[in-house]
Each structure stands twice: as structure tokens, then as C-alpha cells.
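Read in order, the letters of the sequence shown are residues -24 to -1, 1 to 454 in mature numbering (1 follows the signal peptide of the UniProt record, and there is no 0). All residues carry an ideal CB built from backbone N, CA and C; glycine is no exception. Heads up: the structure comes next, in C-alpha cells.
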Amino acid sequence: MTTDRRFVRSLRRGIALLTCVALAACGGGGDDGGGQIAGIEGTGIVSGFGSVWVNGIEFETDDAEIVFNGEPVGEDALRVGDIVTVRGTIEDDRAEADRIVFDRVLDGPISRIEVRNGVGRLVALGETVHIDTDTRLINTPADELAAGDLIAVSGVAADDGDLRATSIEQGPTYRPDSTRIDIEGRVRDLAADRFYIGPLEIDYGGATVDLAAGELKDGAFVQVFGTQGAAADAPLVADSVIVRSRGPASDSGHVFRTGRIENFDGPGDFTIAGQRIDAQDASRNDDASIDPAEGVFAWVYGTMRDNVLVADTLTVRPDPNVVIEARIRDIDEANDALTLLSVDVRTRSDTLYVDERDAADRRLRFDGLARGNSVRISGYATDTGVTATRVTRVDSATTRTRGPVASVSGSGDALSLEVAGIPVIARDDVTEFEDADGERLDAAAFRTRAEDGAIVEATGPDNDGRIDTARTLRLIEH
């Protein structure tokens, strides 16, 4: 049985226990055979549809209220990669959403950008936004974004204000003093008519302030809408400030949180998105070789006790270091795994699914994939292959693999190596060797730089599970 299947069973047992606890606390119970109901709430990443999947939990949405920027919307307003807050109920092992809220972290112009080969960072509205191969670029590749472009970002924020983008969408042409933009974050240095979110000054002297969820004060979590002038240090002139509730969940029901681990003082004491967590006795639900530590991406499930989330399960996820684009050679339905080229790619219940074909299926999940489908996966290397964090089905695939390099051998004008576990054959008379900037190298110079562990991208034909002979070999990171 795979780790992920054990987790699903563990989660169901935990949910059953939680429903018993919740019912006992409310004076419920009995042996009438009815389903047991408990609350569930949390923040996570939308991973699919056909209902809404968040962090591997399928929420039925037939009666759910879905809210975007304070306005009711349909489910089609949500996209894979969005960070959402869900409140609902669990009955036996079935989850039903009562309310799903999606608020963008920011919607504003890029002031600075440093991206190469699809990864890097940018600055918008004073916030540093990190882009990696797990970031879903909705309509524009990262390398094509530029300063002045308007972008909408969903993601998770660290205490220092840095954002890890889970999705980015390029918007229409940005016009200073005219285009309405927005940002969310915590208030600091509150004064009579202005405050700051990170380094961004907010002028709210003429704004409508919504205090329904709490007081406007230092530390309050707010969403701000308005316009900004063209100057680099221009304040955001707000027309609307909304105080959002970011307090702890109630001490009942099931709770989940997603983000980077911060303030780490051991497994029993750390925070995610400002929520204190005790995962000392939690079961691990991952195949990662890393332990929880400062800055590691993770999510937890558990219950609240005295404002502390006591975790039943902890999932730690390494930063992505693998991208493979190829046709599916084989499918292992029993273990939710694919074979791409010669490597086994394992999926999990929280793997994100996107269909980018012309005839796209919004409800794509693992059981909708078939042998021969062209897919692009991002994920991370493990001891037994690759774990996919996202599977994207495409109309046609340019066979390529990006990941850690190993077993480099050969001399003269021929090289043999493995990239993300996939054998690659390269020859100087066929293969273009490139550095990270796309500048040409010869085979000898490439081999000198391509030490074990360096990140390399290879493109070329699929020849019985290996790339032979590679058309390009690019050194992404060394």
C-alpha cells in the first residue's frame, strides 16, 4: 500500500474520531445509524474539479457559497493553483463545502523581475514574489513577463512578506492612476489616514472601511483596493479597505493549513501562515527525504486546542526540481503512477491536474489520463523515481526532461548522462550544448560544469525510454 493510500485511510479514521468528539461535545450521538457530522475548515491549494479538490480533499459544492473578492461567483471562477479558504462539514468520509473564499494576494504591476528558464522572482506592489516550476502560469510564460505588466497572484506568504506564487495570471494593460489594483496583508504603522503593508504605503483617507470582521489596527489582516501613480514610491490610494478575519479556528472539528514552516523550534512548535502548530505526534504523509524545518513547504491536518493546531498528519514537500514532458508509456492504476520515458512518476491525492488541450476537460483527474496522452509534469526526485506535484495534459509534447544530473560519462564529442533518472545520449555534432543564458558550449565545457546534482534540461526524441540523441542540453543551475 502506498504512503498516499495509507494517508487517505488515516485521514478517514481521524475524521471519524473527530466527528465522535464533536458529537459528544454537543450532546449528540446514539445508535440510530445516522451519519456523524463535524466541521472542517482550512486553507489550501485548489488541485482539481468535478466538485472542488483542495489539498487532496474532495469537497462537494452543490450548496456551497463561493466568494471572490467579496462577491459571489460560480465554481468556474476558481482555477487550479488558487489558494482558497474552505469551511464545511464532514459526514463519515464525505466532505461538503458550505463556503469557499478566494482572495488574490495581489493584483498589480510588476516593478522589477528576474526570471530565467521559467524560475526566479519579481516585485509587485512592494512584495517579492517567487516563481518556480510549480507555479501555474495561466496565460503567459514566466520568461515573457516584464516590468509594467499587470499580474494577479495567488500564493502563500511568509512572515517576512515574501510570496510563493501558486498561480499568476497576466491582466490587461496597466494604466497608472486609472487601473484598479488590490493587495492583502497585515497593517503596520497605522495612522489617521495611512498605513503600510510591507513597504507599500496605503493612503486610505478617502476610502470606505469595512470593519464587519474586526478592528482596523496594527496587525489586522486587510484587503485594499485602489489606484497608484506612476512614481516608484507612489502610495496606493485606497477606495476600499476590508478587514478580513484571520483568527484561529474554533476548538472543534477538523482543520488544515498550508504554507512555509516558520519560527521552527522543533516538530512540536512552529508556525504556518501565523498559525502555531504542534506536530510532535503527527503521522508523516509524504515520500520526502527531508524533515520539517525552517522554510520547508508543508501542510497539516488536525484539531485546534487552546489556539494551537495539534496535527494528526504532516506532509512535507521538497521544492520542485523536475519537469518531464512526454507521452504516457504506461499507467499503474493500482498505485496511481505513470511511466514517462523510462521513469516512474507517482501521483498523490493532492497532485494538481490541469488540461491545456484545445478540448480541455476541467474535471481532469488521474482516472481521466490514458496511455499515449501527452503530459507535462512538475515535481521532485525521490529514491524510487519522481513524485508529481502537478500533471498538465497538453495537445502535443516536445519530449524533454529537466532535473538533477547524474552519471555523466564519455569523452571527446559524445556524452552519456542521466537527467531526473532518464538516460540521455548527446553528441557534439547533433546536440546544442548551452549554458543557463542559452549561450553555446562545447561538449567538454558542458561536462566540466555538469557535476552530479546540477540541474540540466534535455530535449530530443524518445528512443525506447531514453532521449537519444538529444537536440539540446541546457545547464539550468550548477
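Query raised in the report: Going by DSSP, which residues form a beta bridge with N439?
Result: As a position in the sequence shown, residue 439 is number 463, starting the count at 1. Paired residue(s): R442.
Query raised in the report: In its own chain, which residues sit with a C-beta less than 8 Å from the C-beta of Y172, not counting the 5 before and 5 after it?
Result: Locating residue 172 in the sequence shown gives position 196, where the first residue counts as 1. Counting only residues of its own chain and dropping the five nearest sequence neighbours on each side, Y172 has a CB closer than 8 Å to the CB of V163, R164, D165 and I178.
Requested in this report: For A421, count neighbouring Cβ atoms within 10 angstroms of its own Cβ and tell me buried if that reaches 16, exposed if not.
Outcome: Along the sequence shown, read from residue 1 onward, the residue named residue 421 stands at position 445. When all chains shown are included, A421 counts as exposed.
Query raised in the report: Quick one: what's got a C-beta closer than 7 Å to V185's C-beta in the same chain, skipping five residues either side?
Result: For the purposes of this step, residue 185 is taken as the residue at position 209 of the sequence shown. Non-local beta-carbon contacts of V185 in its own chain, meaning distances under 7 Å to residues more than five positions away in sequence, involve L192 and V217 in chain order.
Query raised in the report: Do the CB positions of E394 and R450 come within less than 8 Å of each other?
Result: By one-based count along the sequence shown, residue 394 stands at place 418. By one-based count along the sequence shown, residue 450 stands at place 474. No. Outside cutoff.
Query raised in the report: Where does the unbroken beta strand (DSSP E) through T374 begin, and where does it stop?
Result: As a position in the sequence shown, residue 374 is number 398, starting the count at 1. First-last for T374: undefined, no H or E at that position.
Query - DSSP-derived helix/strand/coil call for T424 - result: In the sequence shown, the residue the question calls residue 424 occupies position 448. Helix, per DSSP.
Query raised in the report: Can you tell me where the beta strand (DSSP E) with L166 in it begins and where it stops?
Result: On the sequence shown, residue 166 is found 190 positions in, with the first residue counted as 1. Premise fails: L166 is in no beta strand (DSSP E) and is neither H nor E.
Query raised in the report: What is the rounded straight-line gap between the Cα of D413 and the Cα of R92?
Result: In the sequence shown, counting from the first residue as 1, residue 413 sits at position 437. In the sequence shown, counting from the first residue as 1, residue 92 sits at position 116. Going by the C-alpha atoms only, they are around 8 Å apart.
Query raised in the report: Would you call the CB atoms of A446 and V384 closer than 8 Å?
Result: Here residue 446 corresponds to residue number 470 of the sequence shown, with the count starting at 1. Here residue 384 corresponds to residue number 408 of the sequence shown, with the count starting at 1. A446 is not a Cβ neighbour of V384, given a cutoff of 8 Å.
Query raised in the report: To which residues of the same chain is G190 closer than 7 Å at the C-beta, ignoring the five residues directly before and after it?
Result: Here residue 190 refers to the residue found at position 214 when the sequence shown is read from its first residue. So the qualifying residues of the chain are A196, V219 and S221.
Report task. Classify R347 as buried or exposed, calling it buried when 16 or more other Cβ atoms lie within 10 Å of its own Cβ. Result -> Here residue 347 refers to the residue found at position 371 when the sequence shown is read from its first residue. If you draw a 10 Å sphere on the C-beta of R347, you find fewer than 16 other C-beta atoms in it, and that means exposed.
Query raised in the report: Considering only residues of the same chain and omitting the five flanking positions on each side of V381, which have a CB-CB separation below 6 Å?
Result: As a first step, residue 381 must be located in the sequence shown, where it is residue number 405. Answer for V381: L393, V395, A426, A430 and V432, listed in chain order.
Query raised in the report: Under the rule that 16 or more other beta-carbon atoms within 10 Å means buried, what is S154, buried or exposed?
Result: Within the sequence shown, the letter at position 178 stands for residue 154. By the C-beta density criterion, S154 is exposed, having fewer than 16 other C-beta atoms within 10 angstroms.
Query - Coarse secondary structure for E309, derived from DSSP in three states - result: Here the question's residue 309 lines up with position 333 in the sequence shown. Residue state, collapsed to three classes: helix.
**Report entry** Ranges of the beta strand (DSSP E) found wholly within the region 216 to 282, counting only runs of at least 3
**Finding:** Correct list: 230 to 238, 246 to 248, 251 to 254 and 273 to 281.
**Report entry** Three-state secondary structure (DSSP) of A53
**Finding:** Residue numbering aside, residue 53 sits at position 77 when the sequence shown is read from its first letter. Secondary structure at A53: helix, using DSSP grouped into helix, strand and coil.
Query - Inter-stretch contact (C-beta, 8 Å, three-pair minimum) for the region 107 to 123 and the region 131 to 143 - result: A contact exists between the region 107 to 123 and the region 131 to 143.
Report task. Buried or exposed for A(-1), please, with buried defined as at least 16 other CB atoms from any protein chain shown within 10 angstroms of its CB. Result -> Along the sequence shown, one-based indexing puts residue -1 at 24. Confidence in A(-1) is poor, its pLDDT being 37 and thus under 50, which makes the residue's placement unreliable; the coordinate value appears in the next sentence. With fewer than 16 other Cβ atoms within 10 Å, it is exposed.
Report task. Measuring alpha carbon to alpha carbon, tell me which of G397, V62 and A434 ends up nearest L403. Result -> The residue you call residue 403 lines up with position 427 of the sequence shown. Reading off the sequence, residue 403 comes out as Arg, not Leu. For R403, the nearest C-alpha among the options comes from A434.
Query raised in the report: Under 8 Å between the Cβ atoms of A73 and T37?
Result: Reading the sequence shown from its first residue, position 97 is the one you call residue 73. Reading the sequence shown from its first residue, position 61 is the one you call residue 37. Cβ atoms of A73 and T37: closer than 8 Å.
**Report entry** the region 21 to 37 contacting the region 83 to 102, beta-carbon criterion three pairs below 8 Å
**Finding:** The region 83 to 102 and the region 21 to 37 do not touch, with fewer than three beta-carbon pairs separated by less than 8 Å.
**Report entry** Backbone CA spacing between D337 and A269 [nearest angstrom]
**Finding:** Taking the first residue of the sequence shown as position 1, residue 337 is located at position 361. Taking the first residue of the sequence shown as position 1, residue 269 is located at position 293. Whole-angstrom Cα-Cα distance: 38 Å.
Query raised in the report: Where does the unbroken beta strand (DSSP E) through S143 begin, and where does it stop?
Result: For this step, residue 143 is matched to residue 167 along the sequence shown. For S143, the enclosing beta strand (DSSP E) starts and ends at L139 to Q146.
Query - Inter-residue spacing [alpha-carbon to alpha-carbon] between E309 and S265 - result: Within the sequence shown, numbered from 1, the residue matching residue 309 stands at position 333. Within the sequence shown, numbered from 1, the residue matching residue 265 stands at position 289. Rounded to whole angstroms, E309 to S265 spans 25 Å at the Cα level.
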